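Chemist: Position 298 of the sequence shown, counted from 1, bears residue number 869 in our numbering, the numbering being contiguous throughout. Before I ask anything, let me first share the structure, which is written out below as structure tokens.
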Amino acid sequence: MPRTVSVVIPTHERPRQLFALLSSLREARIPELEKIVVVDDSRVQKPLQEDFPGLPLDVVSLPQRVFISRAKNLGWHRSDSDFVYFIDDDNVVTKDTIRLPLEIIDARSDIGAIVPAVLYFRRPEIVWVYSTPWAPGRWGHSLLGRNLPRDPSLEGQLCDTDAMPNAALVRRRALEDIGGFNEALIVNSSADAALRLKNAGWGVYAHTGSFTYHDVEPPGRVGYWAQHGIADPTRVYYELRDWFSFMHSLHRDEGFFRIRATLHAFGFMLPNALSYVLVGGSRGRNLLKEMLRGYVSSLRTS
């Protein structure tokens, strides 16, 4: 029986990027494609079927925001395909983005998920990330290739990874084994999902021969790394809470968690705070407020 794949796209207030992603999926002509589930919790939702009559679209229009983890779970439950390809709305694919990992995972029954390598859409010669294994101590991830020119010696490989950012092809049976994404982690649940897949006996890999193209600001300008938060202040609060919650699940028995977590968190909180002040414009104060609110809330609950 032929294998089937569905694509799940959570989207919020990014109609231009969503249009580009759907256009690239149409151009990729994926024969195994059964359904594209778009879970849209934007305030203003544009009908998509008129622009993409040839795509098997299933648009879930939500009256209020549910954020990424809940949207992913809503999406994969609306399909019966053998595999589910989760992808953020600010990416673009090619004909090989799904085809190559689908061939690998279909041939390897031990693999639960494969993530692609990620390049910058506006500067495809620069790597956003090849793979994301744990850094020593498991307080964060090593970002292989981050912001460096593409390295042919690192491409075309199946690498171990411990997070599934931007996109991931996941076996349905593996998703069912772990119950999908942890909705207590409102925004960033991909590393938790990767960990639970591995704990359930599934392999999780990055394939550096298939690529998505991430439509975010490339390196070069102060604050480029914080553009997601600047565009979406509410996300800043939940991302910080998610990080503390996930780290607490890993390190809660090690002692002095709040102090140690704070020291590690400052490594990304301080650069982000600087970005909010320098390039956040009129939102800068609110962004700092959301960050502080997320930090205080995290300490209270950890």
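Every residue gets a Cβ at the ideal spot worked out from N, C-alpha and C, and that includes glycine. Predicted, not measured: the structure shown is a model, and the values here were computed from it.
1. In the DSSP output, which residue or residues are listed as bridge partners for Trp705?
2. Which residue or residues does DSSP assign as beta-bridge partners of Gly865?
3. Name the DSSP bridge partner or partners of Ser632?
4. If you follow the beta strand (DSSP E) that Ser577 is part of, which residue opens it and which one closes it?
5. Hey, quick one: how far does the alpha helix (DSSP H) through Trp699 stretch, first residue to last?
6. Whose CA, out of Leu746, Leu740, Glu825, lies closest to the CA of Asp667?
7. Identify which residue in Ser702, Gly838, Gly791, Ser816 has its Cα closest to the Cα of Asn867.
8. Do you know how far the Cα of Ile639 is from the Cα of His819?
9. Report yes if the C-beta distance between Val775 and Ala678 is below 8 Å; otherwise report no.
10. Nearest by alpha-carbon distance to Ala797: which of Gln620, Leu858, Gly646, Pro634 is it?
11. Between Asn662 and chain C, is the shortest Cβ-Cβ distance under 8 Å, so that the two count as touching?
12. With a CB to CB cut of under 8 Å and the five nearest residues on each side skipped, what residues in its chain are close to Gln635?
13. To the nearest angstrom, how far is the alpha carbon of Phe654 from that of Glu747?
14. Would you check if the distance between the CB atom of Pro789 and the CB atom of Arg693 is smaller than 8 Å?
15. If we ignore side chains and look at the alpha-carbon of each, how far apart do Ala836 and Ser873 end up?
16. Please confirm if the region 711–730 is in contact with the region 743–759, defined as three or more CB-CB distances below 8 Å between the two stretches.
17. Report yes or no: do the region 803–812 and the region 770–786 share at least 3 C-beta pairs separated by less than 8 Å?
18. Please classify Gln588 as buried or exposed, where buried requires at least 16 other C-beta atoms within 10 Å of its C-beta.
19. If distances are taken between C-alpha atoms only, which option among Gly772, Ile697, Gly865, Asn843 comes closest to Leu756?
Modeler: From the atom records:
1. DSSP, once it has assigned bridges, lists His712 as partnering Trp705.
2. None, per the DSSP bridge assignment.
3. The bridge partners DSSP lists for Ser632 are Asp611.
4. For Ser577, the enclosing beta strand (DSSP E) covers residues 576–582.
5. Annotation: Trp699 is outside any alpha helix (DSSP H); the continuous beta strand (DSSP E) that includes it extends over 698–700.
6. The shortest C-alpha separation from Asp667 is found at Leu740.
7. Correcting the residue type first, residue 867 is Val in the shown sequence and not Asn. For the residues Ser702, Gly838, Gly791, Ser816, the minimum Cα distance to Val867 belongs to Ser816.
8. So the two alpha carbons sit approximately 21 Å from each other.
9. The answer is no: Cβ separation not under 8 Å.
10. Considering only alpha carbons, the answer is Leu858.
11. Structure shown: chain C not included; a single protein chain is present.
12. Excluding its 5 nearest sequence neighbours in each direction, Gln635 has C-beta neighbours in its own chain below 8 Å: Asp612, listed in chain order.
13. The C-alpha of Phe654 lies about 11 Å from the C-alpha of Glu747.
14. It is a contact, given that the beta carbons lie within the stated cut-off.
15. One Cα belongs to Ala836, the other to Ser873, and the distance between them is close to 14 Å.
16. Contact check between the region 711–730 and the region 743–759: fewer than three CB pairs, one atom from each, fall below 8 Å, which does not count as touching.
17. Result no; under three Cβ-Cβ pairs closer than 8 Å.
18. Flag for Gln588 reads buried.
19. That would be Gly865, whose Cα lies nearest to the Cα of Leu756.
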